[in-house]
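Report on one structure; see the data block that follows.
Protein chains in written order, with the numbering used here: chain A, 1 to 308; chain B, 1001 to 1242.
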């Protein structure tokens, strides 16, 4: 029992949450299962209104689920928060005014049982030169860096970052992700929500794709791309029957572009072999689809579901 | 330790907000000098048996401290809108420690206002035995409990834009019907004793050798219980909205 508790990171099972709005009930989270092991960097990816922020609120215990359970390191979210195991940079989180950056970061550090050194955190977030500035005199990007520092200084076992790089410049983003990797290497679990596909692809060990309140894909970025068969083969092949091309093993779609054809593949290896065996293609190109395409394919589910 | 550090920073925030600090402390002192100054030789204001400088002193203390308590709780609204309370809910800081910080800071502002007004009162000739000063201050601090609760309730129920007018309106209205500006007569004199703010003004009765009668304690106690219940409800609704 104790061993499972100490090795478990985040475990969510059957989460459901429905909000009542003036326009009826909105099932923000319909069914979410999630398991994250310590030290993992996981991206929560999804379009706006997919249920990312609600899922985060449920995981952190800010909102109670209608159904389902969450455990953080074997405890309830409230217990984990009280024990100082959780730190978060929420999307709506702001800063209080009339305190300096150093005072604010120091204050957060003082609330946690095992904080990181304040000066170290100010240094890695590039805030050392702004440390004595009052929080109301910071730019948007600087505020984001302070909020990241507040999440870092906690020294928590789980760091949750909701759209962390919004309003940050390129250097600040690069620094943030480098820091996230360092922190994860120490065994800290990192969960971040983003709609920057490149960010999820580049910085997460694993991507959890959420759409319409459900987990529609969960795995390494490469696996997610494979799941939707979004590898394409392009070849010059005049006069070939599209219907015949679509019959080839591993091919899910075919379209013509002038003399060329573009085949969408679920298994490009088999498709290439079959294509070379049956036709005489020239100028063969195989491209791994980007996450953008995978994203569109997996989340395009037209009917917005509402409870009656 | 943590909770003390948090309270300390709440105080620092109050002191650093110079506009708020100067206005909430300076204004009541000016008003007091303007009202009580010309009547400094009146030994029994409107037949109350209380000298004008003392009557206006507790009147203005009531006005300034009610505003301080409501503003103290009202700052919760600012923290809420900034998303700061949400951030704090994800830290080990217990909700009660956050509230304690807010209330301590509010009481500190109230005590500062009392001290400044007391000095102004002495300047206008108010003389009381040391025990009476303490008695009077004690009654004011107890009489502020319902307003501390009301401030917390407003802070959780209202948006930042509404907080200012709410505090100004409530304070002015209560000051008017509770005899802050003049001893009450007629209908107001019949209604006022049911308000906690009236008993703040009546803390000046220590000069007559007494404090509050039983009715004063009952009214202040009753409003305290009622408004604490309202504040708890406002807190729950606010934090469970998700």
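Note that CB positions come from ideal geometry on N, CA and C, so glycine has one too.
The beta carbon of residue 287 (chain A) lies closer than 6 Å to those of 232 in the same chain, with the five residues before and after it left out. Taking 7 Å as the CB threshold, residue 1133 (chain B) stays off the interface with chain A. Listed along chain B, no residue sits closer than 8 Å to residue 51 (chain A) by beta-carbon distance, the nearest being about 13 Å off. Burial check for residue 1185 (chain B): the Cβ neighbour count within 10 Å stays below 16, so the residue is exposed. Contact between the region 53 to 64 of chain A and the region 246 to 253 of chain A is absent: fewer than three C-beta pairs spanning the two stretches fall below 8 Å. Sequence-ordered contacts of the region 1061 to 1087 of chain B with chain A read 1079, 1082, 1083, 1084, 1086, 1087 [C-beta pairs closer than 7 Å]. Sixteen is the threshold: since fewer than 16 other Cβ atoms of the shown chains lie within 10 Å of the Cβ of residue 259 (chain A), the residue is exposed. Per the DSSP secondary-structure output, residue 217 (chain A) pairs in a beta bridge with A:209. Looking at the backbone, the Cα of residue 196 (chain A) and that of residue 91 (chain A) are separated by about 14 Å. Going by DSSP, residue 179 (chain A) is part of the alpha helix (DSSP H) stretching over 170 to 185. Around the beta carbon of residue 1146 (chain B), a 10 Å sphere encloses 16 or more other beta carbons of the protein chains shown; the residue is thus reported as buried.
At a beta-carbon threshold of 7 Å, none of the residues of chain B lie near residue 165 (chain A); the nearest stands roughly 18 Å away.
The region 188 to 208 of chain A makes contact with the region 38 to 51 of chain A: 3 or more CB pairs, one atom from each, lie closer than 8 Å. CA-to-CA, the gap between residue 170 (chain A) and residue 145 (chain A) works out to about 12 Å. By the neighbour-count criterion, in which 16 or more other beta carbons inside 10 Å mark a residue as buried, residue 119 (chain A) falls on the exposed side. In this structure, residue 131 (chain A) places its C-beta atom within 7 Å of the C-beta atom of residue 122 (chain A).
Each residue's CA atom was taken as its position, placing residue 86 (chain A) and residue 1237 (chain B) some 24 Å apart. One Cα belongs to residue 1082 (chain B), the other to residue 1160 (chain B), and the distance between them is close to 10 Å. Runs of the alpha helix (DSSP H) lying entirely within the region 1037 to 1109 of chain B, each at least 4 residues long, are 1052 to 1081, 1084 to 1089 in chain order.
Below the 9 Å Cβ cutoff, chain B contributes no neighbours of residue 18 (chain A), its closest Cβ being approximately 11 Å away.
Within chain A, the residues placing a beta-carbon under 8 Å from that of residue 1093 (chain B) are 111, ordered along the chain. Within the region 58 to 76 of chain A, 60, 62, 63, 64 place their CB atoms closer than 8 Å to a CB of chain B, listed in sequence order. Under the 7 Å criterion on CB atoms, residue 248 (chain A) is classed as non-interfacial with respect to chain B. Taking a Cβ-Cβ threshold of 8 Å, none of the residues of chain A is close to residue 1173 (chain B); the smallest such distance is about 29 Å. Only 86, 87, 88, 90, 92, 93, 94, 95, 96, 97, 98, 99 from the region 85 to 99 of chain A bring a Cβ to less than 8 Å from some Cβ of chain B. Interface annotation, residue 1016 (chain B): in contact with chain A, CB-CB separation under 7 Å.
Residue-level contact check: residue 1090 (chain B) touches chain A, since one or more beta carbons of chain A fall below 7 Å from its beta carbon. Chain-ordered, the chain B residues with CB closer than 8 Å to the CB of residue 103 (chain A) read 1009, 1012.
Annotation: the continuous alpha helix (DSSP H) that includes residue 1149 (chain B) extends over 1145 to 1157. Within the region 9 to 85 of chain A, the complete alpha helix (DSSP H) segments of 4 residues or longer fall at 52 to 60, 77 to 82, listed in chain order. Taking a contact as a CB-CB distance under 8 Å, the pair residue 116 (chain A) and residue 84 (chain A) does not count as one, their CB atoms being some 12 Å apart.
Residue 107 (chain A) belongs to the set of residues whose beta carbon lies under 7 Å from a beta carbon in chain B. Looking at the DSSP output, residue 159 (chain A) shares a beta bridge with A:87, A:190.
At least one beta carbon of chain B lies nearer than 7 Å to the beta carbon of residue 82 (chain A). In this structure, the straight-line span from the alpha carbon of residue 221 (chain A) to that of residue 295 (chain A) is close to 11 Å. Each residue's CA atom was taken as its position, placing residue 273 (chain A) and residue 234 (chain A) some 14 Å apart.
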